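Colleague: Residue numbers are given in the working numbering: position 102 of the sequence shown equals residue 144, and the series is strictly consecutive.
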Amino acid sequence: MKPINDHLKENLDILFVGFNPSVRSGETGHHFANPNNRFWKILFEAGLTPRKFRAAEDSQLPGLGYGLTNIVARPTKTADEITKEEYREGRVLLKRKIEHYRPKIVCFVGKGVYQEYSGRKQVPWGPQPDSVVPGTLDFVAPSSSGLVRMKMEEIIHIYKQLLPFVSSLAEKEGHTE
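1. How many whole angstroms separate the CB atoms of Glu-87 and Ile-198, which I take to be in contact at a CB cut-off of 8 angstroms?
2. Could you tell me the alpha carbon to alpha carbon distance between Asn-53 and Arg-116, rounded to whole angstroms?
3. Could you say which of Leu-204, Val-165 and Glu-213 lies nearest to Gly-89 if we only look at CA atoms?
4. Who are Pro-169's beta bridge partners in DSSP?
5. Give me the DSSP bridge partner(s) of Thr-91.
6. What residues in its chain sit with their C-beta under 6 angstroms from that of Asp-55, if we drop five residues either side in the sequence?
7. Is the beta carbon of Val-134 sitting closer than 7 angstroms to the one on Ala-183?
8. Any beta carbon from chain B within less than 7 angstroms of Lys-44's own beta carbon?
9. Helix, strand or coil, according to DSSP, for Leu-211 in the structure here?
10. Determine, using beta carbons only, whether Phe-74 and Ala-97 come nearer to each other than 7 angstroms.
11. Would you mind listing the alpha helix (DSSP H) stretches within the stretch 138 to 170 that are 4+ residues and don't spill past its ends, in chain order?
12. Roughly how many angstroms lie between the CA atoms of Gly-105 and Thr-111, to the nearest whole one?
13. What is the DSSP secondary structure of Leu-54, reduced to helix, strand or coil?
14. Just the C-alpha distance for Lys-214 and Leu-179, rounded to the nearest angstrom, thanks.
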């Protein structure tokens with residue numbers, strides 16, 4: 043199974059970073075394609091997208107100012123199958139992508155993703171006090187996996203914390219609605 047394509051462009055408002063593609067994503071070639079994954083529902087219910095997108099529409103996200111990538115490209119059934127070496131390589135590649143594309147916010151979809159990327163053990167939800175790549179804001183949100191035991195309302199509440207940052211970016215760039 044081959045890795046799925048990133049959806050990146052320079053100066054995105056938010057780059058969403060997952061652990062790695064699911065087997066279903068690997069089969070379809072689209073991010074967050076597992077029917078048990080709630081990513082698309084969370085984005086919509088948090089007010090980040092104007093409607094609930096489908097995984098097959100993931101390439102439309104850059105048009106909204108959002109991008110998609112993973113810390114590890116290889117599809118697996120669970121994140122537990124990712125090796126330490128894959129994380130080491132992924133950490134370097136992800137940092138290069140962030141430095142190159144310069145997203146304003148990097149939203150890590152899962153605390154474990156950020157812990158692997160940053161090397162930090164104690165990580166709160168939401169904006170991080172120090173970003174790994176200067177000039178970007180690191181933001182940690184819960185995984186959208188259906189296996190996560192947090193209540194949906196709590197997950198959506200954390201993702202909603204991205205809205206003021208995105209709004210302030212729009213104001214700075216002069217395209218307020």
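Just so you know, even glycine gets a beta-carbon here, dropped at the ideal spot from N, CA and C. Bear in mind that the values here come from a model prediction, so they are computed numbers and not experimental data.
Modeller: Put simply:
1. In the sequence shown, counting from the first residue as 1, residue 87 sits at position 45. In the sequence shown, counting from the first residue as 1, residue 198 sits at position 156. Correct: roughly 5 angstroms between the Cβ atoms.
2. Translated into positions along the sequence shown, residue 53 becomes position 11. Translated into positions along the sequence shown, residue 116 becomes position 74. Asn-53 and Arg-116: Cα-Cα distance of roughly 26 angstroms.
3. For the purposes of this step, residue 89 is taken as the residue at position 47 of the sequence shown. Of the candidates Leu-204, Val-165 and Glu-213, the one whose C-alpha sits nearest the C-alpha of Gly-89 is Leu-204.
4. Reading the sequence shown from its first residue, position 127 is the one you call residue 169. In DSSP, Pro-169 forms a bridge with Phe-181.
5. Here residue 91 corresponds to residue number 49 of the sequence shown, with the count starting at 1. Per DSSP, none; premise fails for Thr-91.
6. Within the sequence shown, residue 55 is the residue found at index 13, counting from 1. Once the five neighbours on either side are set aside, the close Cβ partners of Asp-55 are Gly-107, Lys-146, Val-208 and Leu-211.
7. Within the sequence shown, numbered from 1, the residue matching residue 134 stands at position 92. Within the sequence shown, numbered from 1, the residue matching residue 183 stands at position 141. No, the pair does not count as a contact, with Cβ atoms beyond the cut-off.
8. Within the model displayed, chain B is absent; a lone protein chain is all it includes.
9. Position 169 of the sequence shown holds residue 211. Leu-211: helix per DSSP, three-state reduction.
10. If you number the sequence shown from 1, residue 74 lands on position 32. If you number the sequence shown from 1, residue 97 lands on position 55. Yes, the Cβ-Cβ distance between Phe-74 and Ala-97 is below 7 angstroms.
11. 153 to 160
12. As a first step, residue 105 is located in the sequence shown; it is residue number 63 there, counting from the start. As a first step, residue 111 is located in the sequence shown; it is residue number 69 there, counting from the start. Cα-Cα distance, rounded: 15 angstroms.
13. As a first step, residue 54 is located in the sequence shown; it is residue number 12 there, counting from the start. Leu-54: coil per DSSP, three-state reduction.
14. For the purposes of this step, residue 214 is taken as the residue at position 172 of the sequence shown. For the purposes of this step, residue 179 is taken as the residue at position 137 of the sequence shown. In a straight line, the C-alpha of Lys-214 is about 15 angstroms away from that of Leu-179.
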